[in-house]
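In this note's numbering, the protein residues as written are 1 to 350. From the three backbone atoms N, C-alpha and C, an ideal C-beta is built for every residue, glycine too. Encoded as structure tokens, the structure appears first; notes follow it.
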């Protein structure tokens with residue numbers, strides 16, 4: 001089995017003009033070349049005149065001229081820096097590289113605004129306790145120039161994500177990733193938002209996801225082994241709920257949200273789904289990013305018991321099942337991530 005250290009580079013063709021093999025139809029009718037709430041999204045840029053594929057019915061149109069107007073009106077100190085939209089498999093933000101050291105991050109749709117504001121408020125709180133590089137907000141902007149949402153200038157983090165690069169040592173990556181999760185979950189929860197508050201939607205008991213999972217699964221005939229995937233989900237629901245105190249969560253540790261440099265894991269991106277609650281939500285990279293041989297090292301470091309492991313497997317398949325039909329014809333990165341995660345879970349149980 002090929003190590004689950006990176007997804008095919010073709011995933012990054014998303015965001016280009018009419019990428020080979022892509023068809024723009026169905027649900028997601030949208031333009032997105034931005035990282036999934038991401039603060040850094042690799043080195044690819046959108047060619048002049050190319051528009052990324054629309055992902056959502058309710059997203060707004062964003063281009064470089066709009067971004068430049070916002071900077072000119074609200075942050076003139078950055079208004080003359082080179083501005084290049086970057087291509088990625090993200091789903092909630094348009095991202096422009098701003099000069100050499102900064103990026104401009106603009107929500108594409110109303111639902112993405114909450115994630116941006118949450119990161120602005122809470123990311124610095126957790127960042128001080130983490131040894132890996134994470135995003136840093138430099139400045140925030142207000143709606144203007146016909147754009148209806150707040151936006152942010154953030155620090156550009158150099159490197160590549162695991163969609164476009166591979167770990168030199170997946171065992172080292174497992175240990176580094178496990179340490180990151182352990183550090184995050186060890187942060188004092190005093191004054192932290194409670195699960196379900198302030199847009200902290202992930203981290204809640206799995207039963208909260210059951211209806212959405214089953215609705216999406218009904219659209220997955222021919223996309224996944226429906227019977228086996230449903231059995232994984234049912235087993236996760238049957239596992240004991242988390243009864244310990246809530247912990248801090250990244251809650252979206254997928255290949256597009258980890259940063260590599262020279263083959264080493266050096267950073268974690270996109271805290272838009274940051275949450276508090278069940279630690280199983282951050283055990284999911286065991287299947288999204290690791291292989292069978294390296295999973296045990298990760299599990300030992302994060303201290304996942306059998307019930308947490310089962311819930312995490314369920315979260316991988318539920319996230320994949322929800323993503324597959326929605327992004328099937330618009331976002332190859334999300335589709336490949338979903339398929340890879342589901343495939344690793346099912347292979348583990350074969």
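In this structure, residue 324 sits away from residue 217, with a CB-CB distance that is not shorter than 7 Å. Close CB contacts of residue 202 within its chain, under the 6 Å cut and outside five residues either way in sequence, are with 251, 273, 275 and 281 (chain order).
Within the stretch 106-155, the complete beta strand (DSSP E) runs of at least 3 residues fall at 137-141 and 151-155.
Scanning its chain for C-beta atoms nearer than 6 Å, with the 5 sequence neighbours on each side dropped, one finds around residue 338 the residues 320, 323 and 324, in chain order.
Taking 7 Å as the cut-off, the beta carbon of residue 233 is found no closer than this to the beta carbon of residue 124. The C-alpha of residue 301 is placed about 10 Å away from the C-alpha of residue 183. Scanning 304, 314 and 315 for the CA closest to the CA of residue 181 turns up 304.
With a beta-carbon spacing of about 6 Å, residue 195 and residue 204 fall inside the 8 Å limit used to define contacts. For residue 230, the closest alpha carbon among the candidates 166, 299 and 346 is that of 346. At the C-beta level, residue 170 and residue 248 stay beyond 7 Å of one another. Excluding five sequence positions before and after residue 175, the CB atoms of its chain that fall closer than 8 Å to its own CB belong to 297, 298 and 301, given in chain order. Put simply, the backbone Cα of residue 110 is about 12 Å away from that of residue 151.
Taken through DSSP and simplified to helix, strand or coil, residue 283 comes out as coil. Taking 4 residues as the shortest admissible run, the stretch 187-219 contains the following complete alpha helix (DSSP H) segments, listed from N- to C-terminal end: 210-217. The Cβ-Cβ distance between residue 160 and residue 237 does not fall below 7 Å. Here residue 256 is buried, its C-beta having at least 16 other C-beta atoms within 10 Å. In the same chain as residue 145, and ignoring 5 residues on each side of it, the C-beta atoms closer than 8 Å to its own belong to 66, 69, 70 and 73, in chain order.
Secondary structure at residue 86: strand, using DSSP grouped into helix, strand and coil.
Between the C-alpha atoms of residue 116 and residue 269 there is a straight-line separation of about 13 Å.
With respect to residue 113, residue 103 sits apart: the two C-beta atoms are not nearer than 7 Å.
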